[in-house]
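*Asks:* Just so we're aligned: the sequence shown equals residues -2 to 244 in my numbering.
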Amino acid sequence: MSVSKTDDLGSNPSAPAMAVFKFSKNDSFGRFQHLVGEVYSLPDDQLYSIYDLLAHQQRFAMRALKGIRKGDHEKLKINLLIAFSWLMAIANRFHIDVDDAVWQRFPMLCSYCSKKPCACKKIKPTSRRKLVIVKNARPPTLAGFQEMFMAIYPPSRRTLSDAGIHLAEEMGEVSEAVHNFLGQHRSGQLQSIKQEIADFVSCVFGVANSARINIAAELAKMFSHNCHVCHKAPCVCSFSKVARLRT
């Protein structure tokens, strides 16, 4: 992600410079999460409860699924990207490093059978296998994470509809983990949120790989100048404007 200074008020030399946040297709996972924080954390904290963030993440994820059902690739793509961005907002609210959460859950291996490619259907493991994490195998870029999931879960082994159903399943798991933590605050429940966020990310990439969507490249187009709607940082979109957004 790059940050530059621009004059927000044209040629007025006395006007304050405004930071411009943009994402590059070669940037890291962490840099995208940081961009979401820089652009959206202020309005998110002022306008939205964690339940609001969950509702928006679910709202756009379900629109992505509608895109699958209708065979509308553009609808699927834009809503998948927006749902992914709202997931970063949820992670930021809990101070969860998504890059790290995903790597701890999927260290170039299936999180359940510990194989690459996944061999769950063949092995039929009854419990999660111990994962051996090779630190220097960690993808340095967001695009690298998508390639990693392509290798772990080849799209040729499932239909796009199957990938969408799995996305919906994990969306519910994220919501359940958040509600459990907020309602009980028990030890280990925050870790469950991290794991479910990682699982949802795996499904985002799963859908993207099945639909041939390059997540990093599309995010670079979408976030070329701050908020993808108002182009400000921090975002100045009102609560009602976000609620009315049609994608």
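Yeah, the Cβ is synthetic: ideal placement off N, Cα and C, and Gly gets one too.
1. Spatial neighbours of H163 within its chain, please: C-beta separation below 6 Å, excluding the five flanking residues on both sides.
2. Distance check for S108 and I194, CA to CA, integer angstroms please.
3. Using 10 angstroms around the beta-carbon of F257, count the other beta-carbons present and answer buried if the total reaches 16, otherwise exposed.
4. Near G152, which residues of its chain fall below 7 Å by C-beta distance, leaving aside the five closest residues on each side in sequence?
5. Given this structure, state the Cα-to-Cα distance separating V95 from A148, to the nearest angstrom.
6. With DSSP as the reference, label K19 as helix, strand or coil.
7. Could you tell me the distance, in whole angstroms, from the CA atom of V226 to the CA atom of C234?
8. Using 7 Å as the threshold, is the C-beta distance between A213 and F18 below it?
9. Could you check what DSSP says for S1 in three-state terms: helix, strand or coil?
10. So, for S(-1): in the same chain, excluding its five sequence neighbours on each side, which residues have a beta-carbon less than 7 Å away from its beta-carbon?
11. Can you tell me which of R66, D69, L62, Y150 puts its alpha carbon nearest to the alpha carbon of S111?
12. The alpha helix (DSSP H) spanning F91 covers which residue range?
13. Distance, Cα to Cα, W83 vs K119?
14. Suppose the cutoff is 8 Å on Cβ atoms and the five residues either side in sequence are ignored; what does the same chain contact list for K113 look like?
15. By alpha-carbon positions, which one of F142, E170, V204, E167 ends up nearest to R154?
16. Sorted by chain position, which residues of the same chain lie with C-beta nearer than 8 Å to S221's C-beta, five sequence neighbours on each side aside?
17. Just to confirm, is the Cβ distance from L187 to F197 under 7 Å?
18. For D58, collect the residues of the same chain with a Cβ closer than 6 Å to its Cβ; drop the 5 residues on either side in sequence, then sort them by chain order.
*Replies:* To lay it out plainly:
1. Position 166 of the sequence shown holds residue 163. Around H163: C200.
2. The residue you call residue 194 lines up with position 197 of the sequence shown. The residue you call residue 108 lines up with position 111 of the sequence shown. Whole-angstrom Cα-Cα distance: 13 Å.
3. Absent from the structure is residue 257, since the part of the chain shown begins at -2 and ends at 244.
4. For the purposes of this step, residue 152 is taken as residue 155 along the sequence shown, with counting starting at 1. This sequence places Pro at residue 152; Gly is not what is there. Sequence-distant Cβ neighbours of P152 in its own chain, meaning closer than 7 Å and more than five residues away, are N206, S207.
5. Your numbering for residue 95 matches position 98 in the sequence shown. Your numbering for residue 148 matches position 151 in the sequence shown. Between V95 and A148, the C-alpha separation is close to 20 Å.
6. The residue given as residue 19 occupies position 22 in the sequence shown. It is a strand residue.
7. Residue 226 sits at position 229 when you count from the first residue of the sequence shown. Residue 234 sits at position 237 when you count from the first residue of the sequence shown. When rounded, the distance between both Cα atoms is 8 Å.
8. Within the sequence shown, residue 213 is the residue found at index 216, counting from 1. Within the sequence shown, residue 18 is the residue found at index 21, counting from 1. For A213 and F18, no; Cβs fall outside 7 Å.
9. Reading the sequence shown from its first residue, position 4 is the one you call residue 1. Note that S1 scores a pLDDT of 41, beneath 50, so its modelled location is shaky; the value from the coordinates is reported in the next line. In the structure shown, S1 sits in a strand (DSSP, three-state: E or B).
10. Locating residue -1 in the sequence shown gives position 2, where the first residue counts as 1. Only weak support is given to the placement of S(-1): the predicted model assigns it a pLDDT of 48, under 50, and the value that follows is read from those uncertain coordinates. For S(-1), where only same-chain residues beyond five positions count, the Cβ hits under 7 Å are K19, S21.
11. For this step, residue 111 is matched to residue 114 along the sequence shown. The option with the nearest alpha carbon to S111 is Y150.
12. If you number the sequence shown from 1, residue 91 lands on position 94. First-last for F91: undefined, no H or E at that position.
13. Position 86 of the sequence shown, counted from the start, is the residue given in the question as residue 83. Position 122 of the sequence shown, counted from the start, is the residue given in the question as residue 119. Taking the straight line joining both Cα atoms gives about 35 Å.
14. In the sequence shown, counting from the first residue as 1, residue 113 sits at position 116. Result list for K113: M105, L106, C107, A148, I149, in chain order.
15. Taking the sequence shown and counting its residues from 1, one reaches residue 154 at position 157. Of F142, E170, V204, E167, the residue nearest in Cα terms is V204.
16. In the sequence shown, the residue the question calls residue 221 occupies position 224. So the list reads K19, F20, once near-sequence residues are dropped.
17. For the purposes of this step, residue 187 is taken as residue 190 along the sequence shown, with counting starting at 1. For the purposes of this step, residue 197 is taken as residue 200 along the sequence shown, with counting starting at 1. For L187 and F197, no; Cβs fall outside 7 Å.
18. Your numbering for residue 58 matches position 61 in the sequence shown. Residue 58 is actually Ala in this sequence, not Asp. Once the five neighbours on either side are set aside, the close Cβ partners of A58 are A80, M168.
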